[in-house]
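Undergrad: Residue numbers (the numbering used here): 54 to 344.
Next up, the structure:
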């Protein structure tokens, strides 16, 4: 039996990409914890969506926690962004940095107790971005990435740490259009982000998309713009933004985007009716999904 858990976190872009809403922005603390890996009990497998990213392009990863033992295993922990999940990167010079959730995230999900039968697994997808990204991938280069999950095992709640396999990720310098887009994010868009004027932020995002829609950052910017437009009460524009996101390549927020599109249509937005133009030509991506 496999259980899928997908984290959909409200995010905003910073000079390095996306940042978790509610993130406690502190300096990175370099640390190394001793751990043991009880491979005869559970295993933790880590896989990236791809192995090469442009600097500041968010990095999705997938974690699979499996019971490889012949018997039931009862464990208690938070197998998501919380105090029990730690992410480590090592660059080509051997420098090591660890991102510890409890140091950077204000809201922590309370641990739960899970009973896994032999062969059971829990799968989670998460996005490395914003503060995480700046800490784990401070500059372009080659990195080895590994995840540790700390949990309490059995009725005696024995403290146990399982370590994932190590994966290699290359972070490359942005070039051409992506370099111009990166500079815009660090310049005009960043200036708008520190402003309390949400409308101005939305305008800068739209300006970014009008110039850099073909960049690797555009889907994340468009997704964020849709959230801002919803906050501003412009549901029709939000619908159009989400439709463009859903019609593009598959990415981390694709499933959530389709769900939000369906929700907007169910509410017949705006003003209790779907606009005539959208009635004639609803989002193609949503139509394909619902056939």
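Ideal placement from N, C-alpha and C gives every residue a C-beta, glycine not left out.
Please list, in chain order, all residues of the same chain as residue 195 whose beta carbon is under 6 angstroms from its beta carbon, the five residues on each side excluded.
TA: 145 and 223
Undergrad: Counting Cβ pairs, one atom from each stretch, are 3 or more of them under 8 angstroms apart for the segment 120-139 and the segment 171-182?
TA: yes
Undergrad: Return the chain-ordered list of same chain residues with a C-beta closer than 8 angstroms to the C-beta of residue 317, the five sequence neighbours on each side being excluded.
TA: 288, 291, 292 and 295
Undergrad: From what residue to what residue does the alpha helix (DSSP H) around residue 262 run?
TA: Residue 262: member of the alpha helix (DSSP H) spanning 251-265, first to last residue.
Undergrad: Write down the C-beta distance between residue 139 and residue 152 rounded to the nearest angstrom, noting that I regard them as a contact closer than 8 angstroms.
TA: 7 angstroms
Undergrad: From the DSSP output, in three-state form, read off residue 110 for me.
TA: coil
Undergrad: When you compare only the Cα positions, how much space is there between residue 122 and residue 310?
TA: 38 angstroms
Undergrad: Below 8 angstroms on the Cβ atoms is my contact criterion, and I expect residue 281 with residue 254 to pass it. Report the Cβ-Cβ distance as a whole number of Å.
TA: 6 angstroms
Undergrad: Nearest to residue 185 by CA position, among 238, 98, 117 and 109, is which residue?
TA: 109
Undergrad: Just to confirm, is the Cβ distance from residue 303 to residue 268 under 8 angstroms?
TA: no
Undergrad: Suppose you measure from the CA of residue 204 to the CA of residue 215; what does that come to, to the nearest Å?
TA: 8 angstroms
Undergrad: Return the CA-CA distance between residue 307 and residue 225, expressed in angstroms with no decimal places.
TA: 24 angstroms
Undergrad: I'd like the list of long-range same chain contacts for residue 210, defined as Cβ closer than 8 angstroms, with 5 residues on each side in sequence excluded.
TA: 129
Undergrad: What is the residue span of the beta strand (DSSP E) that residue 127 lies within?
TA: Per DSSP, residue 127 is one residue of the beta strand (DSSP E) stretching across 126-130.
Undergrad: Measure from the alpha carbon of residue 141 to the alpha carbon of each residue in 218, 177, 183 and 107, then state which is nearest.
TA: 218
Undergrad: Exposed or buried, residue 148, counting other C-beta atoms within 10 Å across all chains shown (16 or more means buried)?
TA: exposed
Undergrad: Residue range of the beta strand (DSSP E) that residue 201 falls in?
TA: 194-206
Undergrad: Just to check, is the beta-carbon of residue 186 closer than 7 angstroms to a non-hydrogen atom of the ligand HEM?
TA: By its list of ligands, the structure shown contains no ligand whatsoever, and the ligand HEM lies outside what it can speak to.
Undergrad: Check whether the Cβ atoms of residue 178 and residue 115 lie closer than 8 angstroms to each other.
TA: One thing to note: residue 178 has its Cβ within 8 angstroms of the Cβ of residue 115.
Undergrad: I'd like to know whether the C-beta atoms of residue 277 and residue 262 end up nearer to each other than 8 angstroms.
TA: no
Undergrad: State buried or exposed for residue 238, treating a residue as buried only when at least 16 other CB atoms are found within 10 Å of its CB.
TA: The residue is buried, with at least 16 neighbouring Cβ atoms inside 10 Å.
Undergrad: Kindly indicate which residue of 150, 111 and 233 has the alpha-carbon position closest to the one of residue 201.
TA: 150
Undergrad: State the CB to CB distance for the pair residue 284 and residue 247, rounded to an integer number of angstroms; the pair is presumed to be in contact (CB under 8 angstroms).
TA: Approximately 17 angstroms separates the beta-carbon atoms of residue 284 and residue 247; this is outside 8 angstroms, ruling out the contact.
Undergrad: Under DSSP, the alpha helix (DSSP H) around residue 226 begins and ends at which residues?
TA: Looking at the DSSP string, residue 226 is not in any alpha helix (DSSP H), and its letter there is neither H nor E.
Undergrad: Can you grab the Cα-Cα spacing for the pair residue 233 / residue 286, in whole Å?
TA: 31 angstroms
Undergrad: Suppose the cutoff is 6 angstroms on Cβ atoms and the five residues either side in sequence are ignored; what does the same chain contact list for residue 279 look like?
TA: 291, 294 and 295
Undergrad: Name the residue from 103, 96 and 102 whose alpha carbon lies nearest to the alpha carbon of residue 118.
TA: 96
Undergrad: Below 8 angstroms on the Cβ atoms is my guess for residue 241 versus residue 107; work out the distance and round it to an integer in Å.
TA: So it is not a contact: roughly 20 angstroms between Cβ atoms.
Undergrad: Just how far apart, CA to CA, sit residue 305 and residue 314?
TA: The alpha-carbon atoms of residue 305 and residue 314 are separated by roughly 16 angstroms.
Undergrad: Given residue 193, which residues of its chain have a CB within under 7 angstroms of its CB, disregarding the five upstream and five downstream residues?
TA: 108, 224, 225 and 226
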